[in-house]
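Numbering-wise (the UniProt record's numbering), the sequence shown opens with residue 97 and increments by one.
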Amino acid sequence: ELANLLEVKATDVITKLIKLGIMANINQEIKFETAEKIAVDYDILLEREPEEEEEIDFIVEGDKDEDLEHRPPIVTVMGHVDHGKTSLLDAIRDTRVTDKEAGGITQHIGASEVTVSGKKIVFLDTPGHEAFTEMRSRGAKVTDIAILVVAADDGIMPQTVEAINHAKAAKVPIIVAINKIDKPGANIDRVRQELSEHEILVEEWGGDVIDVPVSALKGENIDTLLEMVLLVAEVEELKANPNRAAVGTVIESNLDKGRGPVATVIVTNGTLKVGDPIVAGASFGKVRAMINDKGKRIKKAGPSTPVEILGLNEVPNAGNQFVVPSSDKAAKALGEKRKEKIRDEQLKASSKISLEDLFDKMQQGEFKELNIIVKADVQGSVQAVRQSIEKLSNEEVSVRVIHGGVGAITESDIMLASASNAIVIGFNVRPSTGAKTIAEREQVDMRTYRIIYEAIEDIEKAMKGMLDPEF
Ligand code: GDP
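As C-alpha cells, this is what we get:
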C-alpha cells in the first residue's frame, strides 16, 4: 500500500525497511513513524490521519521475537514530600556507584544507571509523580516501574495517594519502599493497612504488590529493594531489539553556552550511535557526541540507556520522542515537518474531552471510558461523589474516578487530567492560579460546583447529549 502511494516498487520499500532493521514482508503493517522515514527518502512528506497517536511505543513493530533481548527497567521514585525520595535515590547510588575507573563522579544528566548482580537498572533522577505525569501528558511513557516511598512514621499522605493514582492511571507497576524504619515511631503494619485502603494490597496482606521496608538514611535493605525491582522487571518482560535504528524519549534538555543544545535521551528501542542523523521533537541534527551518566564519552547506546547527546540544531522538549531517520536530509525534512505540525496543532482546537462533546464522541463509538478527577473540601464529599459518579456508568461508557482528594485543584491534578484525558470536578474548592493557567493551556475541562447533585446532573445530561453549552 505504501509503495503504491509512493509510486515505487514494493521491493524497494522492503529493502529500505530492512536497512532500518525491520524485516518486513509485503503484508505487514508498519507504523506511521516508519512509513514517514521511508517516504522522506522519496522526498514525500506523509500526513497522519488526525486520530492516530503520535506516541512511539517501546517495542516498535517489525521486531521479531528472536530479535528481542531483555532491556533494563526504567524506574521513577514517587511519594509524599519528605518521605525520603531523594535520600533513597542517593542511597541507591552510594551503594552501587563504586565503579571508580568509569570516571569517578556521577554526572547529573537526568537519569542514572546502577548495576545489581550484573544487571542494570535505570533511575530517573527527578523524583515525583509531577515530572512523571508531565512527560506522560506529552505522550511519553518512559517509566516501567514506580517505587512508591512511604515513611513508616508518617504513613499514607495526600501526595502518596496522588502518586498511587498517577502510577495506576499510567498502568505502571508499583513497588512500595516503606522508608525510615530506623525511626522510633516507625509502624510498618500501619502503612500496609493504609495502603490496602487505597487498593494497594501487599503480599503480607494477600495481595501481589511487593513492599520492602528500608532505611534510606542507614542504607538498610536497599539491596533487597533493588532485587525486587529486577524481579518485577522480569515479570514485565521488558524487551527491545538492540539491532535496529534507535527510538526514544528526551528526558531533559538545555542550551549550553559552550556545547549548544544538549539533550538527555533514553533509548527505548534500538541502538543510538555517534554519527546517526536524529530528529527529536522538531529539532534535528547529527549525533556529534554522547556522554553517559558517569561523564564518559560513549559511541553507542543500547535500549534503556540514558545518554546526553550533542549535535541538535535546537533544544527539544522533555517528553519529545526522537527517531533516527535514514539520512541527514531525511532528518532535516522530518524536523521541519514536525515543526509545521506543532504550529498547526497549536492553532487547532485540542482533542481533549469536555462534557460538551462527550455525547458526540460516544455516538462515534470511539469513547468508552470517561475519566474524572474529584477534588473537594472534605473527604466525605470525595467519597460521596465518587460513588454517585461511578454509578452513572452504562453500556456505552464507563465512568471512572481516577483520582480523588481533599484541597484545591492543583497543577498536578490538571497534568494528570491532561495525560489521562480526564475532566476535573471541584466541590467548594477553587483551582490554584497555576492550575487555571495550565488547564487553559492543556485544554482540560475543569468545573467547580457547590452542590454535588448539580455535578451529577451535568454529567448525566452530557452522557445523553442534553447538556446546555457553556458560554
Ligand atoms: P523527599 O522530599 O521525599 O525527597 O525527602 P528527602 O529525601 O529530602 O528526606 C526528607 C528528610 O527525611 C531528610 O531530612 C532525610 O534525612 C530524612 N530521611 C530520609 N530517609 C530517612 C530514613 O530512612 N531514616 C530517617 N531517620 N530519616 C530519613
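Beta carbons are placed, not taken as given, at the ideal position from N, Cα and C, and that holds for glycine.
All values derive from a computational prediction rather than experimental measurement.
Report buried or exposed for residue i, applying the criterion of at least 16 other Cβ atoms within 10 angstroms of its Cβ.
i: A106; result: exposed
i: H225; result: buried
i: R340; result: buried
i: G431; result: buried
i: V177; result: exposed
i: R526; result: exposed
i: P280; result: exposed
i: G344; result: buried
i: S423; result: exposed
i: T529; result: exposed
i: E209; result: buried
i: K267; result: exposed
i: R537; result: exposed
i: N139; result: Note on identity: in this sequence residue 139 is Asp, with Asn being the wrong assignment. The residue in question, D139, is exposed, as its Cβ has fewer than 16 Cβ neighbours within 10 Å.
i: I534; result: buried
i: P254; result: exposed
i: D159; result: buried
i: D389; result: buried
i: S213; result: exposed
i: K314; result: exposed
i: D221; result: buried
i: I122; result: exposed
i: I114; result: exposed
i: G180; result: buried
List the whole-angstrom C-beta distance separating residue i from residue j, where the pair is believed to meet the contact cut-off of C-beta under 8 Å.
i: T256; j: P223; result: Not quite, the Cβ-Cβ distance comes to about 13 Å (not below 8 Å), so this is no contact.
i: I318; j: A207; result: The Cβ separation is near 18 Å, so there is no contact.
i: V470; j: G500; result: 4 Å
i: V420; j: A342; result: 5 Å
i: A414; j: I510; result: A414 to I510, Cβ: 17 Å. No contact.
i: P338; j: G366; result: 7 Å
i: V331; j: D240; result: About 11 Å; that fails the 8 Å criterion.
i: V497; j: S489; result: That pair is no contact at about 11 Å.
i: V310; j: A273; result: 5 Å
i: V363; j: G398; result: 7 Å
i: V298; j: R286; result: With 8 Å as the limit, V298 and R286 do not qualify as a contact, their Cβ atoms being about 12 Å apart.
Once the 5 residues before and after residue i are set aside, which same chain residues still bring their CB inside 6 Å of it?
i: I552; result: S484
i: M562; result: none
i: D249; result: K276, K279, G281 and A282
i: A263; result: A242 and I270
i: G407; result: G381, K382, V383 and R384
i: M559; result: none
i: R355; result: L406
i: T111; result: none
i: D195; result: Reliability of the predicted coordinates at D195 is poor, the pLDDT of 49 falling under 50, and no value is obtained from them.
i: A336; result: R167, N365 and P399
i: L466; result: V493 and V495
i: F455; result: G561
i: R543; result: I521
i: E230; result: M511
In terms of DSSP beta bridges, what is residue i paired with?
i: N365; result: V343
i: I217; result: V210
i: N467; result: R496 and A518
i: A378; result: Note: A378 sits in no beta bridge, so no partner.
i: M386; result: I394 and I405
i: E165; result: A336
i: F418; result: G344 and A376
i: V502; result: A472
i: A282; result: DSSP output for A282 lists no bridge partner at all.
i: N275; result: A247
i: I260; result: I260 pairs with nothing; no bridge assigned.
i: S349; result: A359
i: V308; result: A273
i: A242; result: T172 and I270
i: E316; result: S311
i: P527; result: I505
Apart from the five residues on each side of it in sequence, which residues of its chain come closer than 8 Å, Cβ to Cβ, to residue i?
i: D372; result: A341, A342, K382, V383 and V420
i: K435; result: A378
i: I548; result: S477, A480, V481, S484 and F523
i: L102; result: V109, I134, A135, Y138 and I140
i: V328; result: P169, I241, P269, I271 and I306
i: K464; result: E492, V493 and S494
i: residue 49; result: Given that the chain is displayed from residue 97 to residue 567, the structure contains no residue 49 and the question cannot be resolved.
i: S233; result: G415, M511, S514, A515 and E538
Going along the chain, which residues of its own chain have a beta-carbon closer than 7 Å to the beta-carbon of residue i, five neighbours each way excluded?
i: T320; result: V308
i: G200; result: Because the pLDDT of G200 is 49, which lies under 50, any placement of that residue in the model is unreliable, and the number read from its coordinates should be weighed accordingly. Correct list: empty, nothing qualifies.
i: V540; result: K448, I510, A513, S514 and V520
i: L351; result: P357 and V411
i: N100; result: none
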